[in-house]
Each structure stands twice: as structure tokens, then as C-alpha cells.
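Some notes on the structure that comes next.
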Amino acid sequence: MAAPQIKKHVIEACVQVVGADGLIREREAELIRAIADTLDCPIPPFI
Numbered sequence: 001m002a003a004p005q006i007k008k009h010v011i012e013a014c015v016q017v018v019g020a021d022g023l024i025r026e027r028e029a030e031l032i033r034a035i036a037d038t039l040d041c042p043i044p045p046f047i
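Heads up: the sequence shown is residues 1 to 47, going by this note's numbering.
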């Protein structure tokens with residue numbers, strides 16, 4: 001299992017990628033949430 005700090009960096013990178021166009025679509029947000037759930041790394045609602 002990855003360290004919490006590594007998980008945080010992975011989620012932050014995902015958010016940067018999907019937000020690069022200045023807009024996070026619903027499907028993109030769902031994908032980020034699924035990745036966070038898979039990593040057992042809860043994230044607060046951002047949409």
C-alpha cells in the first residue's frame with residue numbers, strides 16, 4: 001500500500017490534469033473520485 005503522502009500527490013496530479021482546461025466536467029470528477037476511492041484516499045467534494 002502506498003504512503004498517504006504519495007496518494008495525496010497522485011490525486012493532486014489527477015486534479016491538475018483534468019483541470020488544465022479550466023473546467024472539470026462531471027465525468028472527470030467521477031473519475032477522480034473513483035481513483036481516490038481505489039487508493040482509499042478520501043477527498044472533499046469539489047463540485
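Every residue gets a Cβ at the ideal spot worked out from N, C-alpha and C, and that includes glycine.
Closest option to Leu31, judged by alpha-carbon separation, among Pro4, Pro44, Ala20 and Val15: Val15.
Within the same chain, Ile32, Ile35, Ala36, Leu39, Cys41 and Ile43 come within 8 Å of Ile11 by CB-CB distance, once the 5 residues on both sides are set aside. Straight-line spacing of the CA atoms in Leu23 and Lys7 works out to 23 Å. Scanning its chain for C-beta atoms nearer than 8 Å, with the 5 sequence neighbours on each side dropped, one finds around Ala2 the residues Val10 and Leu39, in chain order.
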